[in-house]
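What follows is a set of notes on a single structure, which appears directly below.
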Amino acid sequence: MSYPLYVAFIWHQHQPLYKSNQSLGNEAGNYRLPWVRLHGTKDYLDLVLLLERYPKLHQTVNLVPSLILQLEDYAAGKAIDPYLALTITPESQITTENRLKILEYFFNAHHRTLIAPHPRYQELYEQRHTEGITWCLENWTIQDYCDLMAWHNLAWIDPLFWQDDEELQAWGKQGKNFSLGDRQRIIAKQRHIIQRIIPQHRQMQEAGQLEIITSPYSHPILPLLADTTAGRVAVPTMKLPEPRFCWSEDIARHLQKAKEIYRDRFGCEARGLWPSEQAVSPAILADVAQARFKWLCSDEMVLACTLQHFFHRDETGNLTEPELLYQPYRLETPDGDLSIVFRDHRLSDLIGFTYSGMSVENAVQDLLGRLEAIATSLRKRESLTSKTHLQQPWLVTIALDGENCWENYTQDGLPFLTRLYEQFSHTDQFKLVTVSEFLDQFPPTHTIPRDRLHTGSWIDGTLKTWIGDPIKNKAWDYLIDARQVLANHPEATVENNPEVWEALYAAEGSDWFWWFGEGHSSHQDELFDQLFREHLCTLYRALNEPIPNYLYYPLEKYPKKAFQQPEAFIQPIIDGIGEEEEWEKAGQIEIGGAKGTMHQNTLVQRLYYGVNHQNFYCRLNFRADFKTNLNLKPNTPNELHLFWYYPGSPRPNSPAAIAGLPDEPIVNYYFHHHLGINLLNKSVWLEEVAAPFVWHPRHTQAQVAFNECLELALPWSDLHQEPNTTFHFIAMLADQGEFHSYLPEDNLILVQIP
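Here the sequence shown stands for residues 34 to 787, where the numbers follow our numbering.
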């Protein structure tokens, strides 16, 4: 019998718990941030409504319980966030303080995809961006503020809803002069969209096109609830909080809460579990099985560590042993067997971070081509090369965030998904299924012994994103103290003191620890810090216990860092403008001072670098007068040179091909690749060392733009290196081939090819 290649898409829908029981102004129980409401109008309903147009295609959606409850608050009109409160404020009550907040809050949208497509929104953005806040305060009329609030809320409504909604289309044509009544109706429109989310998911699950799964109640990292020493499984030297957090009974509580919410909303039992951050361990399996889940999902890195087998990918990203990843596995527990599927990390990331920068047709064909390559590879591994169809059922799992990935796509991903679904609907080579559909027909045939399952998450197969950093550990200390205080009150049961347990569940959520310390940063780090501490304060207050004084102070200070590691894949537009939102997740290095006088008056003020599956990216912010001096001031360097160094590699290498190079580390290292850029005429050239000390020109498709800053994108295909290859690079400035200076000042920059 022959089979198609089965493909399971799993979309993960989650937002942190923004609701706080602490008062906000004169209100109680308000939401600190608007992202549940805004993602609710842009990302949840449209995703499944579009899928409904293609009934042959089946998918899986994870709705986190704490997200469901927040959506229901907005649907019922019970939720108020600061953005919403301002939007419905009468013009006569918009104070100067309100105007400052409007200027701060209401440009929080992706510029290229949410602001620029709307002329009035773009006009206001340009004034704010070019002239500054002070100018706006002095020159804007109250109508400008009202229009800005209207367009922020309209822009976050998905394009799918604009297609057939006459009221939305009328507002789009109106463009400006929005009244309080208009803004109130826009908010009502948002509420109506949110009200449809859960019923639509239930309807499509009952029709058999969707499988809805769930996560632990408030999205905690389950292995760390069982025992924080789990962090040392993948990182044995990790520093951990003392005493350790060890409350495994909380796992069952989170799972039971999730099951109850699911059963009430969807009228059946949840079969699948998305463990928060795909973090798993042997210690959580008994609870998952006892809660009667049938399957769970994790990441290919967890599988690799479990099998103690490195997944090798070739230069194009294809696995050399695909049969290990593209099948479900059985996990045996005393309470029954579980199935587990592992996502293809690369395919998931291509959709999440890379395809938004490609044309729709190229992106869709790339994904289909990769699936075809997987099928071809599996056929070869079956040793039935004469067959044109697969002789065994294989499952490719593509699992990713179903919210944030679309912000970089044109029209929130609508053209991409439409074309992709059209292609899937007209082929019998691939079949889109829910995970349960596949497992019911093809139960796993390979078993992972329970104690062999690796303890880790989708990030590097470790838990270090949520523990081990000094600030993260400090937060765990706070949580450990609060959990012990609750344990000292056995009379505080879920039935007679639900507030204290809800506060605990909220504080155990993973999102706070994600942002604490090193690793990730946002414009709202201080607010996430505050929310975490507020949940703990609520716990103490509900027990009539004194609130520790330290909970009134932030866990850390939040100045702008001189150095930031890359936090995620990036997809900047190479236009020399340097949109901050496009580079905020990139690595960032503040230049200056570390080596004395050499860089005190540096020409480059900040260096950014990052990657996705297509390109290496770099951006340089020059001193304000640099571009002018290029043409007017002698000895101003007119070339930028990037050199790649591969430590421990057998590749041939050579000194940097620049005259007058100082004989000192790190500029006297031997390099393998060199990208040169003439800053005057924007010409670009790439060289590779073909034999020791011999530079050889190579073709390059690098993109370079030099306007407000310099931006470049270099395709990985130009370097011909395998995935997971690490290298270091350095930037040098030269004047007509003569060395001028280099950066960063004290080390090479480490990068890994995805």
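Note that the Cβ used here is the ideal one computed from N, Cα and C, for glycine as well.
Residue span of the alpha helix (DSSP H) that contains residue i, given as start and end
i: Met182; result: Ile175 to Ala188
i: Glu293; result: Glu282 to Phe299
i: Pro448; result: Leu447 to Ser458
i: Asn662; result: Phe659 to Leu665
i: Leu329; result: Premise fails: Leu329 lies in the beta strand (DSSP E), Trp328 to Asp332, not in any alpha helix (DSSP H).
i: Gly214; result: Leu213 to Gln228
i: Ser309; result: Counting along the chain, Ser309 falls outside any alpha helix (DSSP H), and DSSP gives it neither H nor E.
i: Ser372; result: Looking at the DSSP string, Ser372 is not in any alpha helix (DSSP H); the run it does join, the beta strand (DSSP E), is Leu371 to Arg376.
i: Thr409; result: Val393 to Arg414
Pair within 9 Å by beta-carbon distance, residue i and residue j
i: Ile135; j: Leu181; result: yes
i: Gln63; j: Asp114; result: For the sequence presented, residue 63 should be read as Asn rather than Gln. The answer is yes: Cβ separation under 9 Å.
i: Ser6; j: Leu306; result: Nothing about residue 6 can be reported from this structure: the residues present for the chain run from 34 to 787 only.
i: Ala690; j: His707; result: yes
i: Leu78; j: Asp198; result: no
i: Glu744; j: Gly709; result: no
i: Arg371; j: Ala303; result: Before going further, note that residue 371 is Leu rather than Arg in the sequence given. Against a cut-off of 9 Å, the Cβ pair of Ala303 and Leu371 comes out as no contact.
i: Asp779; j: Asn668; result: no
i: Met765; j: Val700; result: yes
i: Arg70; j: Leu564; result: no
i: Ser458; j: Lys89; result: yes
i: Pro98; j: Ile219; result: no
i: Tyr642; j: Phe762; result: yes
i: His646; j: Arg379; result: yes
i: Tyr454; j: Tyr87; result: yes
i: Trp677; j: Phe760; result: yes
i: Glu589; j: Phe546; result: no
Rounded distance between the beta-carbons of residue j and residue i, thought under 8 Å
i: Arg452; j: Val518; result: Their Cβ separation, rounded to whole angstroms, is 55 Å, which puts Arg452 and Val518 out of contact at 8 Å.
i: Ile373; j: Tyr359; result: About 13 Å separates the two Cβ atoms, so there is no contact after all.
i: Tyr538; j: Ser251; result: 4 Å
i: Glu720; j: His729; result: 6 Å
i: Thr495; j: Ala267; result: 4 Å
i: Tyr650; j: Ala746; result: 5 Å
Residue environment, residue i, which counts as buried when at least 16 other CB atoms sit within 10 Å
i: Gln474; result: exposed
i: His479; result: exposed
i: Gly390; result: buried
i: Gly629; result: Because Gly629 sits at a pLDDT of 34, beneath the cut-off of 50, its placement in the model cannot be relied upon, and the following sentence gives the value as read from the coordinates. Exposed, since its Cβ has fewer than 16 Cβ neighbours within 10 Å.
i: Asp297; result: exposed
i: Pro67; result: buried
i: Trp168; result: exposed
i: His47; result: buried
i: Gly58; result: Because Gly58 sits at a pLDDT of 43, beneath the cut-off of 50, its placement in the model cannot be relied upon, and the following sentence gives the value as read from the coordinates. Counting Cβ neighbours within 10 Å, Gly58 comes out exposed, since fewer than 16 surround it.
i: Ser416; result: exposed
i: Ile175; result: exposed
i: Arg412; result: buried
i: Val722; result: buried
i: Trp44; result: buried
i: Ile317; result: buried
i: Lys290; result: buried
i: Cys301; result: exposed
i: Gly788; result: The structure shown does not extend to residue 788, since the chain is modelled only from 34 through 787, so no value can be given for it.
i: Gln633; result: The pLDDT assigned to Gln633 is 38, lower than 50, so where the model puts this residue is not dependable; a value taken from the coordinates is nonetheless given after this. Answer is exposed; the Cβ neighbour count stays below 16.
i: Asp283; result: buried
i: Ala692; result: exposed
i: Gly626; result: At Gly626 the pLDDT is 41, less than 50, meaning the model places this residue with poor confidence and gives no usable figure here.
i: Ala61; result: For Ala61, the pLDDT reaches just 37, beneath the cut-off of 50, and the residue's location in the model is therefore unreliable, leaving the point undetermined.
i: Val81; result: buried
i: Arg788; result: Any property of residue 788 remains undetermined from this structure, which presents the chain solely from 34 to 787.
i: Ser212; result: exposed
i: His342; result: exposed
Closer than 8 Å: residue i CB and nearest the ligand ATP heavy atom
i: Arg412; result: Although the ligand ATP was asked about, the structure shown includes no ligands whatsoever.
Residue interval of the beta strand (DSSP E) (run including residue i)
i: Trp728; result: Val727 to Arg731
i: His674; result: Glu672 to Tyr678
i: Ala767; result: Thr759 to Asp768
i: Ser750; result: Ser750 -> not in any beta strand (DSSP E); alpha helix (DSSP H) instead, spanning Trp749 to Leu752.
i: Lys52; result: Looking at the DSSP string, Lys52 is not in any beta strand (DSSP E), and its letter there is neither H nor E.
i: Tyr362; result: Tyr362 to Leu364
i: Val313; result: Val313 -> no beta strand (DSSP E), and no H or E assigned at all.
Proximity test, Cβ basis, 9 Å: residue i and chain B
i: Met271; result: Given the protein chain composition of this structure (a single chain), no chain B is represented.
Take every Cβ of the stretch 561-572, pair it with every Cβ of the stretch 606-620, and state whether three or more of those distances are shorter than 8 Å.
no
Pairs of beta-carbons, one from the stretch 134-151 and one from the stretch 172-190, closer than 8 Å: are there three or more?
yes
Is the stretch 497-508 close to the stretch 268-281, with three or more CB pairs under 8 Å?
yes
Counting beta carbon pairs with one atom in the stretch 481-494 and one in the stretch 554-566, are three or more of them shorter than 8 Å?
no
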